[in-house]
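A quick write-up on the structure given underneath.
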Amino acid sequence: MPETLLPKTRIPWRHLVLFGWLPSPLKVLAYRLLLGYRIGRRVRISFGGVVIGKTVELGDHVEIGFLAVVQGDTIRIGRHSSVGTFSYLSCNVIEIGEDAKIREQVYVGGPQLPESKFVLGSRTIILQLTNINPTKPVVIGDDTGIGGHCLIFTHGAWANALDGYPVTYEPVTLGKSVWLPWRVFVMPGSTIGDGTVIGANSLVAGSIPPCSLAVGSPAKVIRSAPDFPKRLSAADRSALVVTIMAEFDRFVEHGGVTVQGGAEAPLRLYRYGRKTWRLLWLRGDSRADDLTPDRGDTVLTEIGLSPEACADFARRGVYWLDLDSRTRSDRGSRLSEELALFLGRYGVRLSRYVLP
19 MPETLLPKTR IPWRHLVLFG WLPSPLKVLA YRLLLGYRIG RRVRISFGGV VIGKTVELGD
79 HVEIGFLAVV QGDTIRIGRH SSVGTFSYLS CNVIEIGEDA KIREQVYVGG PQLPESKFVL
139 GSRTIILQLT NINPTKPVVI GDDTGIGGHC LIFTHGAWAN ALDGYPVTYE PVTLGKSVWL
199 PWRVFVMPGS TIGDGTVIGA NSLVAGSIPP CSLAVGSPAK VIRSAPDFPK RLSAADRSAL
259 VVTIMAEFDR FVEHGGVTVQ GGAEAPLRLY RYGRKTWRLL WLRGDSRADD LTPDRGDTVL
319 TEIGLSPEAC ADFARRGVYW LDLDSRTRSD RGSRLSEELA LFLGRYGVRL SRYVLP
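Those letters in the sequence shown? Residues 19 to 374, by the numbering used here.
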């Protein structure tokens, strides 16, 4: 191809040759010492995975998958977030929150402008084969889920504008707790409000208000607040937690875990191999004072914990999952991590508590 004024580097071959083949510990060390990246603890960058930027910050427990490419001027990825195998992220500014998951073969890129930016909130997920074009800024709020084969574009241009054809460059914003099931197309300039669900195979063009259910091509609102989402009573919520825990026990038992404790028992034991974990379940009619957890125990509570209780648990090495306040301990045991992951199947996502 003829040489242009600005270099166009789609695949960073030189960086791949220099760093891509290194095992993760050596790659992390090289990134810190040679390139000045700020990298947290227990970061894993798989074979062929590379991160290329002028300013790079990777939080604790970040994972970059096999042959995944993340490149830009400024890159910030929060703790416990991951970029899956064969995914490609290329944008001037990339900002990813905590506990965000970008699965395999996700593409984020396209023509760049000075304001090009890709912002992905905490506890979000982008599933396989989704294509996002952040020529103009794409901002995705916390707790938002994007299914596979979705398309999000901030520009549309091909036919000659001088002949009167439309050319569009506009940002896209998705609020918090938005759900795009598989195969949703979001057009340039679209805004989707907090808590909105878009039906599968829909095309979004324009603005969708918060707490709405919109379907079709173009997507039209068919339900909205206060009828959507459904409001659950305290009894309904408690019954749903019982159902979730019954399904969790059935799931882990199928995987070889022995569970001791009744269907709604406040104390449950989970044994796998030679190790046993304790779960203390605080129901709606219980009190936090009733709990006497030991170090390493997991507390599942339907009653919001006070900041003092959270701080006390954190200091004592007790792990917790608070369904009311929607928080969890910063760290977890194998049991608490498995349960937190399972809760996500029901859309329950918990932010990590950090001691002040």
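Cβ coordinates follow ideal geometry from the N, Cα and C atoms, glycine included.
- Within the same chain, Cβ atoms closer than 6 Å to the Cβ of GLY207 are found at GLU188, the five residues on either side in sequence being excluded.
- Ranked by how close their Cα comes to the Cα of ASP212, the residues SER225, TRP200 and PHE266 have SER225 in first place.
- Taking 9 Å as the cut-off, the Cβ atoms of GLY115 and LEU145 do not count as close.
- As the crow flies, the alpha-carbon of SER256 is around 7 Å from that of GLY302.
- When C-alpha distances from LEU85 are compared across THR103, VAL69 and VAL126, the shortest belongs to THR103.
- Looking only at SER235, PRO228, SER251 and SER105, the smallest Cα-Cα distance to ARG241 is reached by PRO228.
- Shown here, GLY362 sits in a helix according to DSSP, grouped into three states.
- If you draw a straight line from the Cα of THR148 to the Cα of ILE158, it comes to about 14 Å.
- For SER343, the CB contacts under 7 Å within the same chain, skipping 5 residues up- and downstream, are GLY322 and LEU323 in chain order.
- Beta-bridge pairing by DSSP links LEU285 to LEU298.
- The beta carbons of MET205 and LEU192 sit about 13 Å from each other, so the pair does not count as a contact at 8 Å.
- The straight-line gap separating the alpha-carbon atoms of GLY54 and LEU34 is approximately 18 Å.
- Nearest C-alpha to ASP315 among ALA252, GLY350 and GLU326: GLY350.
- The closest CA to that of LEU138, considering only ASP181, TRP176 and ARG94, is found on ARG94.
- Taking all protein chains in view, the Cβ of ASN151 is crowded by 16 or more other Cβ atoms within 10 Å, so the residue is classified as buried.
- Residues ARG313 of the same chain have their beta carbon placed closer than 7 Å to that of ARG334, with the five preceding and five following residues left out of the count.
- Annotation: the continuous beta strand (DSSP E) that includes ASP340 extends over 337-340.
- Residues of the same chain with a CB within less than 7 Å of the CB of PHE266, apart from the 5 flanking positions on each side, are LEU357 and PHE360 in chain order.
- By the neighbour-count criterion, in which a residue is buried when 16 or more other Cβ atoms sit within 10 angstroms of its Cβ, SER251 is exposed.
- Per the coordinates, the alpha-carbon of VAL88 lies some 15 Å from the alpha-carbon of TRP39.
- Collapsing the DSSP output to three states places ILE262 in a helix.
- Cβ neighbours of TRP299 within its own chain (closer than 6 Å, five residues either side excluded): PRO284 and LEU318.
- No residue range can be given for LYS72, since it is assigned to no beta strand (DSSP E) and is classified by DSSP as neither H nor E.
- In the DSSP assignment, TYR371 falls outside any alpha helix (DSSP H) and lies within the beta strand (DSSP E) extending over 369-371.
- Counting only residues of its own chain and dropping the five nearest sequence neighbours on each side, LEU341 has a CB closer than 6 Å to the CB of GLU320.
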